[in-house]
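All remarks here apply to the structure that follows.
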Amino acid sequence: MSLKFTVEAKDKTARAGIISTSRGVIKTPAFMPVGTAATVKAMFINDVRLAGADIILGNVYHLMLRPGAERIARLGGLHKFMNWPYPILTDSGGFQVMSLSKLRKLSEEGVVFQSHIDGSKHLLSPERSLEIQDLLGSDIQMQFDECIKLPCSDDEASRAMNLSLRWAERSQKAFRKVEGRGIFGIVQGGSNKELRIQSAKTLAEMEFDGLAIGGLAVGEPQEIMLDMLETTIPYLPDHKPHYLMGVGTPDDLIKAVYRGIDMFDCVMPTRAGRHGLAYTRYGAMNIRNAKYAEDIRPIDPHSSCAATNSYSRAYLHHLVRSQEILGMMLLTQSNIAYYLNLMHEIRDAIFKSSLEEFMVKTTENWKKGDFE
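Everything in the sequence shown is counted per my numbering, starting at 13 for the first residue and increasing by one.
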């Protein structure tokens, strides 16, 4: 049995569902905290679970370099290695084809990377990427693709999209089927509607367990991202999960769910937390600002997260300005809790057929800037 996806409720094009894996269920819409190198930065893994995460994300490129996929396999697999017995999705390394463009050489075979750690060279091909994901033991594995930065020419988008389709076929052949495990294809095509439709149609005919939309949130404005979603999603199979890769802000998430996206990942909440930015139901809050130096209120007294409701803004301001590790940890925990709670509230609104009303109310709250 591969992954099973069940849509439990719909509100227009928004869906709430369940993805069943051998390591547990994933309630959708789902946000996946990013654990690139076998850790969600600045968080204890138990706290990630307590915050409400059903699934986290790991990365092929980084784990390939350090500590090495073969070593992780000898140590019992990624789940045991990081003490996370629940579902894990692994990014195939395709994003690094873009983000590390100065350290790689691309060909039909794959991509040769020069390690950013020690300069050693490593080939990532569709076959090697899926081999690594198998060694890690991830529950949802991604095809190897080429992600390109926007804006780009239509010719460049077409070249990368067609290469990604050829790599999708090779990735699928290399995927080792295991009960309760699945593989997702990735739609590419830049900001060209015809290319996006062509990619989605081709991948929909292949036997992937879910389909992701890649190559967005890579430099384009939100309007283009949403336009590409509206163009692409009608061509994705309704009975399979839809995953928007690398996205995004709370506003991005709610608008993408409204258009039919089921899964997300993004480094934004953890990265922001390490730099003093808190995401709250009343908008983003830069704790570094001097106005918080004597503010005895917590970030949000109505939050169920202890990091959010139990520490004064003055104390968090002090920790951040002093570059204390605890400040990074508390704000990261607060942000992850907010993101996961937002997804829970969106899911609840879909079941109640009240997503539009929830979107309006939530957006109004973000504009307030603080609780009353």
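Glycine included, each C-beta is placed from N, C-alpha and C at the ideal position. Note that the coordinates shown come from a computational prediction; the quantities given were computed from them, not determined experimentally.
{"Asked": "Separation of L207 from I100, as counted between CA atoms", "Found": "30 Å"}
{"Asked": "Limits of the beta strand (DSSP E) - the one that P45 falls within", "Found": "42 to 45"}
{"Asked": "N-terminal and C-terminal residue of the alpha helix (DSSP H) that Q210 is part of", "Found": "205 to 216"}
{"Asked": "Residue of F93, A229, R271, T40 minimising C-alpha distance to A26", "Found": "R271"}
{"Asked": "Residue environment, I18, which counts as buried when at least 16 other CB atoms sit within 10 Å", "Found": "According to the sequence displayed, residue 18 carries Thr and not Ile. Exposed, since its Cβ has fewer than 16 Cβ neighbours within 10 Å."}
{"Asked": "Host alpha helix (DSSP H) of Q234 (start-end)", "Found": "234 to 244"}
{"Asked": "Whole-number beta carbon distance between W378 and V295, since they are thought to touch under 8 Å", "Found": "Looking at the sequence shown, residue 295 is not Val but Gly. Yes, G295 and W378 are in contact; Cβ-Cβ is about 4 Å, under 8 Å."}
{"Asked": "M275 vs A42 beta-carbon contact at 7 Å", "Found": "yes"}
{"Asked": "Alpha carbon of K303 to alpha carbon of N58, nearest angstrom", "Found": "33 Å"}
{"Asked": "Backbone secondary structure at G339 - three-state DSSP", "Found": "helix"}
{"Asked": "Coarse secondary structure for N71, derived from DSSP in three states", "Found": "strand"}
{"Asked": "L256 in three-state terms, based on DSSP", "Found": "strand"}
{"Asked": "CB contact flag (S365, D23, <7 Å)", "Found": "yes"}
{"Asked": "Within 7 Å, strictly: CB atoms of R35 and D151", "Found": "yes"}
{"Asked": "C-beta contact flag for T320 and A54 at 7 Å", "Found": "no"}
{"Asked": "Same chain only: Cβ atoms within 8 Å of M44, ignoring 5 sequence neighbours per side", "Found": "A65, I67, I68, L69, L101, M275, F276, D277"}
{"Asked": "Inter-stretch contact at 8 Å, needing at least 3 Cβ pairs: the stretch 317 to 333 / the stretch 250 to 268", "Found": "no"}
{"Asked": "Simplified DSSP state of F107, which is helix, strand or coil", "Found": "helix"}
{"Asked": "Segment contact flag, the stretch 282 to 290 with the stretch 248 to 258, C-beta cutoff 8 Å, min 3 pairs", "Found": "no"}
{"Asked": "Own chain partners of L135 with C-beta closer than 6 Å, once the 5 adjacent residues on each side are dropped", "Found": "G122, V124"}
{"Asked": "Cβ-Cβ separation, K161 to M110 (assumed contact under 8 Å), whole Å", "Found": "5 Å"}
{"Asked": "Alpha-carbon to alpha-carbon, Y247 and G88", "Found": "39 Å"}
{"Asked": "Limits of the unbroken beta strand (DSSP E) element including G29", "Found": "26 to 33"}
{"Asked": "Alpha helix (DSSP H) runs contained entirely in the stretch 281 to 327, provided each spans 4 or more residues", "Found": "318 to 321"}
{"Asked": "Anticipated Cβ contact below 8 Å, M237 with A229, distance rounded", "Found": "6 Å"}
{"Asked": "Neighbour-count burial assignment, K380, 16 or more Cβ in a 10 Å radius", "Found": "exposed"}
{"Asked": "Rounded C-alpha distance that separates S132 from R78", "Found": "12 Å"}
{"Asked": "Complete beta strand (DSSP E) runs within the stretch 74 to 154 (minimum length 3 residues, chain order)", "Found": "100 to 103, 116 to 118, 123 to 126, 133 to 136, 152 to 154"}
{"Asked": "K22 Cβ short of 6 Å to the ligand COA heavy atom set", "Found": "The model on display carries no ligand, and the ligand COA is accordingly not part of it."}
{"Asked": "Continuous alpha helix (DSSP H) stretch holding D274: start and end", "Found": "Here D274 belongs to no alpha helix (DSSP H), and DSSP marks it neither H nor E."}
{"Asked": "Residue range of the beta strand (DSSP E) that includes V19", "Found": "16 to 23"}
{"Asked": "Reduced DSSP secondary structure (H/G/I, E/B, other) of L223", "Found": "strand"}
{"Asked": "Residues near S322 by beta carbon distance below 7 Å, same chain, minus five either side", "Found": "P310"}
{"Asked": "CA-to-CA distance, I30 to E158, given in whole angstroms", "Found": "29 Å"}
{"Asked": "Terminal residues of the beta strand (DSSP E) in which V199 lies", "Found": "194 to 199"}
{"Asked": "Beta-carbon proximity list for M76, same chain, < 8 Å, skipping 5 on both sides", "Found": "G105, H134, L136, I144"}
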